[in-house]
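Colleague:
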Amino acid sequence: MKTIIRNGHIITAVDSYHADILIEDGKIQMIAQNLSVSADKDIDARGMLVLPGGIDVHTHFDMPFGGTTSSDDFLTGTQAAAFGGTTTIVDFAIQSRGHSMQEALETWLAKAEGKATIDYGFHMIISEASRERLAEMPRMVDQGVTSFKMFTAYPGVFMVDDGGIFRALQRAGEIGALIAIHAENGSVIDVLVEQALAEGHTAPKYHALTRPPEMEGEATHRVIVLAALAKVPLYIVHLSASQALDAVMAARDQGQSVYAETCPQYLFLSYDRYEEPGFDGAKYVMSPPLRTPEHQERLWRGLKTNDLQVVATDHCPFCMKDQKTLGRDNFAKIPNGAPGVETRMSLIYDGAVSQNRLSLNRFVEVTSTTPAKLFGMFPHKGTIAVGSDADLVLFDPDGSTEWGVKQAHMRVDYNPYEGRKTAGAIRMVLSRGEVIVDNGQFLGKQGRGDFIKRHRVQDL
Ligand code: URP
Ligand code: ZN
Ligand code: ZN
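So in the working numbering, spot 112 of the sequence shown is number 283, and the numbers just go up one at a time.
1. Based on Cα-Cα distance, which residue from Thr323, Glu195, Pro223, Gly595 lies nearest to serine 525?
2. Let me make sure I understand the geometry here. Which of Leu614, Arg217, Leu397 has the alpha-carbon closest to that of alanine 422?
3. So who's on the other strand from serine 298, going by DSSP bridges?
4. May I have the straight-line CA-CA distance separating glutamate 589 from aspartate 196, to the nearest angstrom?
5. With H, G and I counted as helix, E and B as strand and the rest as coil, what does DSSP make of serine 539?
6. Between the C-alpha atoms of arginine 304 and methionine 516, what's the straight-line distance to the nearest angstrom?
7. For ligand 1, any of its heavy atoms closer than 7 Å to the Cβ of aspartate 500?
8. For proline 568, which three-state DSSP category applies?
9. For the putative contact between valine 331 and leucine 563, defined by C-beta atoms under 8 Å, what is the C-beta separation to the nearest angstrom?
10. Across the stretch 267-277 and the stretch 601-620, are there enough close Cβ pairs to call them in contact, namely three or more that are closer than 8 Å?
11. Which residues in the same chain have their Cβ closer than 7 Å to the Cβ of glutamate 536, if we skip the five residues on either side of it in sequence?
12. Classify tyrosine 455 as helix, strand or coil using the three-state DSSP reduction.
13. Out of Lys492, Gln480, His486, Thr381, point me to the one whose CA is closest to tyrosine 442's CA.
14. Taking only the alpha-carbon atoms, compute the straight-line gap between threonine 541 and glutamine 629 and give it to the nearest angstrom.
15. Using the Cα positions of phenylalanine 534 and aspartate 567, report the straight-line distance between them to the nearest angstrom.
16. Return the CA-CA distance between leucine 340 and isoleucine 350, expressed in angstroms with no decimal places.
17. Kindly say whether arginine 598, judged by its beta-carbon, lies nearer than 8 Å to any beta-carbon of chain B.
18. How is serine 525 classed by DSSP in three states: helix, strand or coil?
19. Do isoleucine 555 and proline 223 have their C-beta atoms closer together than 8 Å?
20. Compute the beta-carbon to beta-carbon distance between histidine 353 and valine 419, rounded to the nearest angstrom, for a pair I have assumed lies under 8 Å.
21. Return the residue from the list Glu387, Ile289, Glu307, Lys504 that minimises the CA-CA distance to glutamine 414.
22. Note down, in chain order, each residue of its chain lying with its Cβ closer than 7 Å to the Cβ of glutamine 250, except the 5 sequence neighbours on either side.
23. Suppose contacts are defined by Cβ-Cβ distances below 8 Å. Is histidine 231 in contact with serine 241 by that definition?
24. My guess is that alanine 503 and valine 364 are in contact by the Cβ rule of under 8 Å, so how many angstroms apart are they, rounded?
25. May I ask you to check if the CB of cysteine 487 is nearer than 7 Å to at least one heavy atom of ligand 1?
26. Start and end of the beta strand (DSSP E) containing histidine 466?
27. Go through its chain and collect everything with a Cβ distance to glycine 225's Cβ below 6 Å, but skip five positions before and after it.
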């Protein structure tokens, strides 16, 4: 099957030019001006930006958490991702206490197989860092799971002590894997939560008030020091606070390989959302929580100066009805997480490119190219080049998009960006050369997504 995309304006992390793209067997075969080849399918992309498909390296589909399960599975979640211009996701398999990493990987492969509509990989969450458990890491890497997430948060669930994290960092260094950390001081947060509840504070806003930014800064600094001692690279997930960014910047200034992602919610939404009437603040209960607006401008600047390298979503949706309500009388029981896999590309284009904060190239870099490089998928994914997978988005810069629960495809009963308009519109999405979204219609077959056996991680 041959497809040609003609007259598009191709944007990568470094290029900007007009050309035609010939796709054969899911891969880009040729890029040239005025291609005189005939094809089975001819797509006119005049007036469109042609972008590498978005790569979201932080999703939680079908994840048991907080006494319930995230509401998108690998079918609805990957469909929503595709509608939003994302053609690759990396989700998290969970090694839970008493169970092996292999069991976790097989469980998560089974969740995705036959459902995913775009390509997917897995990080492995390590919730036990005994020597025996960590001995499983090389087997994961051999199977394409080349990154691991560990937590300094959620005591009793995922939290691992500093010795365990240090041991895993050392092991990761030996086998070419990357450790990603959820950095908040879980033990101190637990004390603050207990004290708030004892004082009768049960409303959603106390979720944020008991997870102060200083405790994200402290944990981020701590794990950076551990990674320096282990002499290995480190990746901080969902960075939200300027204190954490300061720690990352200080380490990078010393030449340490520390990388960090932030998420649209921390760039666009702020603490005041928790003050919405009634129980509505529960929509924004996630960890780390939304911060005050001064943190947002620091994050935007961090993206510009490359102190932050990735924008992912931490998509982890729970419905207000029946799920968030588990914490109606106790904020600590509200399932942590919010939807975002569909809105990421449009929000970041709008906030970055339309509002002149970042260039188009930098937009592609933080939403696709760097995630592909850091997580062992480049150059198959994350760019537009001969030999790369034809994962492409035709984006109309003159269009506009309105967001809301009615328009979106995520399986959740609210949208944090209800009523927000973003500049530009996603007109077409191709995954390995196949048109899976065409003008608001989903054409991809259920289960067509492939598991990506990721390469060992390379330091940038
Ligand atoms: O609130 C969040 N972030 N939920 C998902 C789990 C995690 O910590 O990433
Ligand atoms: Zn996390
Ligand atoms: Zn997460």
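C-beta atoms are modelled at their ideal positions from N, C-alpha and C, and glycine is treated no differently.
Modeller: So, to answer that:
1. Per the Cα distances, Gly595.
2. Leu397
3. Paired residues: none, contrary to the question.
4. 39 Å
5. helix
6. If I take the Cα positions, the gap works out to 37 Å.
7. no
8. Note: proline 568 maps to strand in three-state DSSP.
9. The pair is not a contact, with the Cβ atoms about 39 Å apart (cut-off 8 Å).
10. No: fewer than three Cβ pairs fall under 8 Å.
11. Cβ contact annotation for glutamate 536 (same chain, cutoff 7 Å, sequence separation greater than five): Ala184, in chain order.
12. helix
13. Minimum Cα distance to tyrosine 442 is reached at Thr381.
14. 11 Å
15. Spanning the two alpha carbons is a distance of roughly 15 Å.
16. 6 Å
17. Of the protein chains in the structure, only one exists, and it is not chain B.
18. Three-state result, serine 525: helix.
19. yes
20. Going by Cβ atoms, the distance from histidine 353 to valine 419 rounds to 14 Å, so no, they are not a contact pair.
21. Out of Glu387, Ile289, Glu307, Lys504, the CA that lies nearest to the CA of glutamine 414 is found in Glu387.
22. Taking glutamine 250 as the centre and dropping the five residues before and after it, the same chain places the C-beta of Thr288, His580, Phe613 closer than 7 Å to its C-beta, in chain order.
23. yes
24. With 8 Å as the limit, alanine 503 and valine 364 qualify as a contact, their Cβ atoms being about 5 Å apart.
25. yes
26. First-last for histidine 466: 464-475, but that is the alpha helix (DSSP H), not the beta strand (DSSP E).
27. Gly256, Thr257, Met516, Thr538, Ser539
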